[in-house]
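There are 2 protein chains.
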Amino acid sequence: MEDQTIQITQSHSKKQKPNSEQLEFGRIFTDHMFIMDYTVEKGWYDPRIVPYQPITLDPAAMIFHYGQTVFEGLKAYKTKENKVLLFRPEMNMARLNLSNERLCIPRIDEDFVLKALIKLIEMEKDWIPTAEGTSLYIRPFIISTEPYLGVAASTSYKLMIILSPVGSYYKEGIHPVKIFVEREYVRAVAGGTGKAKTAGNYASSLKAQEVSEKQGYSQVLWLDGIEKRYIEEVGSMNIFFKINGEVVTPELNGSILAGVTRDSVISLLKYWGIPVSERKISIDEIYDSYKNGSLEEIFGTGTAAVISPVGELNWEGEKMDINNGETGPLSQKLYNTLTNLQNGTEPDPFDWTLEVK
Amino acid sequence: MEDQTIQITQSHSKKQKPNSEQLEFGRIFTDHMFIMDYTVEKGWYDPRIVPYQPITLDPAAMIFHYGQTVFEGLKAYKTKENKVLLFRPEMNMARLNLSNERLCIPRIDEDFVLKALIKLIEMEKDWIPTAEGTSLYIRPFIISTEPYLGVAASTSYKLMIILSPVGSYYKEGIHPVKIFVEREYVRAVAGGTGKAKTAGNYASSLKAQEVSEKQGYSQVLWLDGIEKRYIEEVGSMNIFFKINGEVVTPELNGSILAGVTRDSVISLLKYWGIPVSERKISIDEIYDSYKNGSLEEIFGTGTAAVISPVGELNWEGEKMDINNGETGPLSQKLYNTLTNLQNGTEPDPFDWTLEVK
Ligand SMILES: Cc1ncc(COP(=O)(O)O)c(C=O)c1O
Ligand SMILES: Cc1ncc(COP(=O)(O)O)c(C=O)c1O
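Structural data, given as structure tokens:
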């Protein structure tokens, strides 16, 4: 696949670019997209960049019935010097293949897809917004396309990459969010698809999200599906707790997503000499640390929000006020450092950013 | 919605109908399909029957990313007198709404969708094959279509019904199948989406299915996701055990599908005066009953296979030979009775069949 050239079809009419200040998340898409097809006989073939356009599928295409699909999410940032930066994109490519493995989808050539992604970003670089907190969200995804109603892995797929200029995921910005600890619904369980980035995990989360929003909470904190006791992750973020000077986050147990931001936060903390550990954490432990005053900060980590401080945690009606509902100093420092690295306003000692030339 | 008329657009060219003897499952589709759209403003609107054709969606349509979708599966049968029968279709409509509820998809008007389904079957009745074991498989499904990458319930949907003439789901017919008891992977867990008929449940099952097929097993028997001890169901069937003259099947615990065939089998057994109970059943109990010789029969139940006798159960390398690998008398009797009712060759004391006039 290395040698395949990417066919490019330019869009005739260019869309109007949105006002940087009014951007939402994931509603507007750029002029072009990348597509590549797969069949058992040909492997991945016909990589191409074409005008952003609807896709046409047989109503029996497997994606509509059995949900065999995976996706990724990352961002491109524009620096003050007009350089375009990606943040650890090779981790997203690797995770896409981990998800593929769980969902019985054929592997991609990570280097090639990253090359294609970079080519697309190059073409669309004028779409990258520059206002504070904005970026170009990149959504690679693979869908199963065989028109067949048997429950089996599809024999054909489409990989696509679409781009969306975005504002802050959380309209409140870096302000703390209120999180509801979910007791009834379960998102994922060991042996399930929790560690893969696949549609079904998100579909199953909608109900709990809806219920918690009605009660004024913006996200759900999932507990493990077995004992409903150990902390897993938030809707689309991993979660960290600062207790008595030490930072803890749930270990990668097979049912949570291995977040790129999570990994970056752990590396930064180690670099700064702040103690951090990945382990099982029970909700009781968090409650106890809250009660005895040693719970200092809670924050979520994810590509969309970067760092999202938690101001309140509601566990079975017990409202835990975290850091007086304010953004804690560590959350703020992590947010500043990560966004500075991503925007190229701080030197990158980790070699995390990749410049799109 | 009751008053909406269904617009009909006839297909100009009719496809060649397949040879009844060579039919597979779910590969060939008829000349027409039903579609109806939903938006928050309009509700369900524009019900129409149109030529079977591809559908066109924005690449950002939510179905491709977050899997918010539900489906159903039922069949139309042709009797010797050329009457067309449906089997308990109102149960599928009711289950579609149960699935909708779990997936945050707007309710459908069950009577109206059943009316639309019947209208479509009327138009396509020449597609119903008549050879033994064949039928017209009916697949209603709903997909989320809003082009938006935020994780939230979609504000627009499409409901579609497509039809596929099918042979026996299991190529071996009523011959016993070999089933592998899954220990590593999990399909669903209490609080998850197991009781809903939604794509993600099937996507997550592919891996275990693939592994077990490599070992010569045609299906996987799922255990509960928590203790991996209690029996749940098979890939696309519920499961029954006959032990010492009594029939047992797992209770509807929230993580298995409430099968229409399951319900029909329970009713038939009661009608015949055969003791049947719905309860928790551990795999150890099955193994013990196998060892002490009281395990008489095992069979799966589902629309596709009707009754599928199990000839071997492999639990952690222990191969349990069931009824010498032969179809047991109760499995056979249930199969005969159900297919006779469905095909109209036996009087229907339960009022289960609905004639399409
Ligand atoms: C379920 C879930 N957990 C965690 C994350 C955070 O991962 P990342 O930091 O790679 O964005 C995401 C994705 O955004 C997610 O969807
Ligand atoms: C997971 C699962 N269990 C059980 C069944 C059996 O249900 P029914 O008898 O309604 O076909 C099905 C569907 O066919 C299924 O997909």
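The listed protein sequences correspond, in order, to chains A and B.
Residues 1 to 357 in UniProt numbering are what the first sequence spells out, letter by letter.
Residues 1 to 357 in UniProt numbering are what the second sequence spells out, letter by letter.
Note that beta-carbon positions come from the ideal geometry of N, C-alpha and C, so glycine has one too.
Item: Length of the line joining the Cα atoms of A/Gln22 and A/Gly167; Value: 7 Å
Item: Beta-carbon proximity list for A/Ile143, same chain, < 6 Å, skipping 5 on both sides; Value: Ile63, Thr69, Lys158
Item: Identity of the residues DSSP links to B/Lys319 by a beta bridge; Value: B/Asn314
Item: Backbone secondary structure at residue 358 of chain B - three-state DSSP; Value: This structure leaves residue 358 of chain B out entirely; chain B is present only between 1 and 357.
Item: DSSP three-state assignment for A/Met62, whether helix, strand or coil; Value: coil
Item: Buried/exposed call for B/Ile307, threshold 16 Cβ in 10 Å; Value: buried
Item: Cα-Cα separation, A/Pro51 to A/Asn92; Value: 24 Å
Item: Simplified DSSP state of A/Asn244, which is helix, strand or coil; Value: coil
Item: Short CB-CB distance (under 7 Å) between B/Tyr202 and chain A; Value: yes
Item: Residues near B/Phe71 in its chain [Cβ-Cβ closer than 6 Å; skip 5 each side]; Value: Phe141, Lys197
Item: B/Ile121, buried or exposed, once every other Cβ within 10 Å from all chains shown has been counted against 16; Value: buried
Item: Three-state secondary structure (DSSP) of A/Leu114; Value: helix
Item: Classification of A/Ile108 by the beta-carbon crowding that lies within 10 angstroms, buried from 16 upward; Value: buried
Item: Beta-carbon proximity check, A/His32 vs A/Ile49, cutoff 7 Å; Value: yes
Item: Proximal residues, the region 207-220 of chain B versus chain A, C-beta separation under 8 Å; Value: Lys207, Gln209, Glu210
Item: Beta carbon proximity, B/His32 to chain A, threshold 7 Å; Value: no
Item: Closer than 7 Å to chain B by CB, A/Ser255; Value: no
Item: C-beta neighbour in chain A for B/Leu149, strict 7 Å; Value: yes
Item: Cβ-heavy atom distance, B/Gly259 to ligand 2, below 6 Å; Value: yes
Item: Residues near A/Asn336 in its chain [Cβ-Cβ closer than 7 Å; skip 5 each side]; Value: none
Item: Three-state class that DSSP yields for A/Arg229 in the structure shown; Value: coil
Item: A/Gln16, enclosing beta strand (DSSP E) - first and last residue; Value: Unbroken run through A/Gln16: none, as it is neither H nor E.
Item: Assumed close pair B/Asn97, B/Glu110 - CB separation to whole angstroms, cut-off 8 Å; Value: 6 Å
Item: heavy atom of ligand 1 below 6 Å from A/Asn238 C-beta; Value: yes
Item: Outcome for A/Thr130 when other beta-carbon atoms lying within 10 angstroms are tallied against a minimum of 16; Value: exposed
Item: Straight-line gap, B/Leu252 to B/His175 (C-alpha atoms, nearest Å); Value: 27 Å
Item: CB contact check: A/Ser282 to chain B, cutoff 7 Å; Value: no
Item: Cut-off 7 Å between Cβ atoms - residues of its own chain near A/Ala94, not counting five sequence neighbours on either side; Value: Glu110
Item: Counted within 10 angstroms of its Cβ, other Cβ atoms place A/Tyr185 as buried (16 or more) or exposed; Value: buried
Item: Stretch pair the region 219-234 of chain B + the region 287-297 of chain B: three plus CB contacts closer than 8 Å; Value: no
Item: CB contact below 7 Å: A/Glu184 versus chain B; Value: yes
Item: Cβ separation of A/Glu146 and A/Thr155, assumed to be a contact under 8 Å, to the nearest whole Å; Value: 5 Å
Item: CB contact check: B/Tyr230 to chain A, cutoff 7 Å; Value: no
Item: Residue range of the alpha helix (DSSP H) that includes A/Met93; Value: 89-102
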